[in-house]
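Engineer: Dumping the structure here so I can ask a few things about it.
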């Protein structure tokens, strides 16, 4: 089966600009998660979709971050406007319903300058 | 919420030696503990996991132990090889499906 795909793999933007990250989960995986790793720190949970619904968005840092999952398929994570502290690697992961076994994507490395 | 502590942050071993990485967690309700390996520039990959009703699990050279009373769990890699070099993350789930990760251990296996 195809894995979790993230696009772009790298993005460099200026402070104040907008960036949209995309995640295509494994087909049939109802659960979709966004995580972020800031340089040298732990991977932190951002939010969890079950199909198109936000199940848990307790990890979203502030209202500059907006996640959507249209039709319960792919998901986007928009950062607007981007700040320097948003730099890091953003990971998407998916899993089947009632399954803790995640499959991670390769991540998007975001650099805000 | 859950807090996962991971030690050491870096670990260097010689090929053939064993490596042990330890994690502690704070929420006694946590019931699932996976370990992920992340090679440079690649995705975190699940290498082994354990649930709270099991004390130990082994898969070839990799084993994980769980002590629920003490709230800690450990990853053991035996007969290490250079390709084991990577960053290893422990994690725990206490409620829902969100993983709480440790800060990672950078393992270097020297030939």
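Protein chains in written order, with my numbering: chain A, 367 to 479; chain B, 105 to 215. For glycine and all other residues, C-beta sits at the position ideal for the given N, C-alpha and C.
Ignore the nearest five residues each way along the sequence and tell me which others in residue 160 of chain B's own chain have a CB closer than 6 Å to its CB.
Structural biologist: Working through the second chain from its first residue, we reach residue 160 of chain B at position 56. Same-chain partners within the cutoff: 169.
Engineer: With 8 Å as the threshold, decide whether the Cβ of residue 415 of chain A is near any Cβ in chain B.
Structural biologist: As a first step, residue 415 of chain A is located in the first chain; it is residue number 49 there, counting from the start. No, no contact with chain B.
Engineer: Answer yes or no: does any C-beta atom of chain A fall closer than 8 Å to that of residue 179 of chain B?
Structural biologist: What you label residue 179 of chain B is simply residue 75 of the second chain in a count that begins at 1. Residue 179 of chain B does not count as touching chain A.
Engineer: Which residue from B:206, B:186, B:194 puts its Cα closest to that of residue 154 of chain B?
Structural biologist: Locating residue 154 of chain B in the second chain gives position 50, counting from the first residue. Considering only alpha carbons, the answer is B:194.
Engineer: Tell me, please, which residues DSSP counts as bridged to residue 138 of chain B.
Structural biologist: As a working note, residue 138 of chain B is residue 34 in the second chain. Answer is B:153, bridged to residue 138 of chain B.
Engineer: Quick one: which chain A residues come within Cβ less than 8 Å of residue 146 of chain B?
Structural biologist: Looking up residue 146 of chain B in the second chain gives position 42. Ordered by position in chain A, the residues that pass the 8 Å Cβ test against residue 146 of chain B are 472.
Engineer: Using a Cβ-Cβ cutoff of less than 6 Å, which residues in the same chain neighbour residue 138 of chain B once the five nearest sequence positions on both sides are dropped?
Structural biologist: Stepping through the second chain from its first residue, residue 138 of chain B is reached at position 34. If we look at residue 138 of chain B and ignore the five residues flanking it on each side, its Cβ neighbours are 150, 153, 195.
Engineer: Is residue 143 of chain B helix, strand or coil by DSSP?
Structural biologist: What you label residue 143 of chain B is simply residue 39 of the second chain in a count that begins at 1. Coil, per DSSP.
Engineer: For the segment 391-402 of chain A against the segment 450-469 of chain A, do three or more pairs of beta-carbon atoms, one drawn from each stretch, fall closer than 8 Å, so that the two count as touching?
Structural biologist: The segment 391-402 of chain A is in contact with the segment 450-469 of chain A.
Engineer: Less than 8 Å between the CB atoms is what I'm expecting for residue 144 of chain B and residue 209 of chain B, so what's the real figure, rounded?
Structural biologist: Along the second chain, one-based indexing puts residue 144 of chain B at 40. Along the second chain, one-based indexing puts residue 209 of chain B at 105. About 14 Å separates the two Cβ atoms, so there is no contact after all.
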